[in-house]
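Chemist:
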Amino acid sequence: GAVVSQHPSWVICKSGTSVKIECRSLDFQATTMFWYRQFPKQSLMLMATSNEGSKATYEQGVEKDKFLINHASLTLSTLTVTSAHPEDSSFYICSARDYRGSYEQYFGPGTRLTVT
Amino acid sequence: KQEVTQIPAALSVPEGENLVLNCSFTDSAIYNLQWFRQDPGKGLTSLLLIQSSQREQTSGRLNASLDKSSGRSTLYIAASQPGDSATYLCAVLRGTSYDKVIFGPGTSLSVIP
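Respectively, the protein sequence lines represent chains A and B.
Residue numbering for the first sequence is 2 to 117, as defined by my numbering.
Residue numbering for the second sequence is 17 to 129, as defined by my numbering.
#1: Buried or exposed for B/Gln73, please, with buried defined as at least 16 other CB atoms from any protein chain shown within 10 angstroms of its CB.
#2: So, do the segment 27-34 of chain A and the segment 93-104 of chain A have three or more beta carbon pairs nearer to each other than 8 Å?
#3: Could you list the residues in the segment 58-91 of chain B with a C-beta less than 8 Å from some C-beta on chain A, going in chain order?
#4: Could you tell me which chain A residues have their CB closer than 7 Å to the CB of B/Phe119, listed as they occur along the chain?
#5: Cα separation between B/Ile23 and B/Gly120?
#6: Starting from A/Gly111, find everything on chain B with Cβ-Cβ shorter than 8 Å and list it in chain order.
#7: Would you grab the beta carbon distance between B/Val20 and B/Phe41 for me? Rounded to a whole angstrom, and I think it's under 8 Å.
#8: Which of the three DSSP states, helix, strand or coil, is assigned to B/Asp83?
#9: Which runs of the beta strand (DSSP E), 3 residues or longer, sit entirely within the segment 36-93 of chain A?
#10: B/Lys116 versus chain A: which residues are under 7 Å apart at the beta carbon?
#11: How long is the line joining the alpha carbons of B/Pro30 and B/Ile128, rounded to whole angstroms?
#12: Considering only residues of the same chain and omitting the five flanking positions on each side of A/Asp28, which have a CB-CB separation below 8 Å?
#13: Considering only DSSP beta bridges, list what B/Glu72 is partnered with.
#14: Mind checking which residues open and close the beta strand (DSSP E) that includes B/Ile46?
#15: Straight-line CA distance for B/Tyr47 to B/Tyr92?
#16: Under 9 Å Cβ-Cβ, which residues of chain A neighbour B/Gly99?
#17: Measuring alpha carbon to alpha carbon, tell me which residue in B/Pro56, B/Lys17, B/Ala26 and B/Ser126 is nearest B/Gln97.
#18: Return no unless some Cβ of chain B is closer than 8 Å to the Cβ of A/Phe108.
Right, dumping it as C-alpha cells:
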C-alpha cells in the first residue's frame, strides 16, 4: 500500500513556542490530506481538511489561527501549532487519500507533542 | 449526519478463538468502508477496504463484510493471536470529492496467550 510519513515522530517544546509537523505522501500525489488529534484512549478527532493550493477547512471548535495548515504541494502538508500550551499536548496524525481508484486513506505514524 | 458506532467497546479472548467485531453506520449512502488497526501510541494501519458495490474482502485471517442496506459491517478474525491485540476502527467515506472519513470509536481487543 501507499506510504505516508510524518516528521517528527515526537517533539517536546516549551509553552509559548511554535511547532511544525510535516506530513508527506511518499509514493502518490495527495490533493487532500487530513489532520487528526487523538487523546489517550479516545478515537481520532478530525481537526481540518487540507487541500493542495487552497485554504484548509477546519472542523467546528478548532482554532484556525492556532493550528496553521499549509498544503503547498501534492505530497506535503504541514501543521504548525502556534504558541503551544500544555493542553495542546496530544498525538497528531495525518492522513492522505489516494485518488487512484479506490480512494483508500493512508495514515502517517503520528507525532507525539508534549508541551512543558 | 453520518454516525458510526462499534460494538463491543472492548473484547478479551483467549488465543486461538475466532471473533467478530461489529460496525454500524446510520447513512447507507457510502462510497467505501475501511477497517484500521491501531497499536498504542502508533498511527493507523489499513487492514481492509470494501467498496460500496462489494460484499466482502479478505486478507489472510481477516474477513470484512458489508451490508450497506442495513448499515452494518463486520470484521472477522480467525484463529486469534496475541499479536492481534490492538484497537480496531472502522471508518466510512461518503463521497469521492473532499468528503471526510467518519470514524467509529473503536473496539479494543486483547488476545490472551
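Cβ atoms here follow ideal geometry from the backbone N, Cα and C, with glycine treated the same way.
In this text the structure is predicted, and so the values were computed from the model without any measurement.
Modeler: Considering the structure as presented:
#1: buried
#2: Cβ pair count under 8 Å is three or more, so yes.
#3: Lys58, Gly59, Leu60, Thr61, Ser62, Leu65 and Gln67
#4: Simply Ser44 and Leu45.
#5: 10 Å
#6: Gly57, Lys58 and Gly59
#7: Indeed, because the Cβ distance is near 5 Å, the residues count as touching under 8 Å.
#8: Here B/Asp83 sits in strand by DSSP.
#9: 46-52, 68-74 and 77-82
#10: Phe35, Leu47 and Thr50
#11: One C-alpha to the other measures close to 5 Å.
#12: Ala3 and Val4
#13: B/Ser81
#14: Per DSSP, B/Ile46 belongs to no beta strand (DSSP E) and is neither H nor E.
#15: 21 Å
#16: Result: empty, since nearest Cβ-Cβ is about 18 Å, beyond 9 Å.
#17: B/Ser126
#18: Closer than 8 Å: yes.
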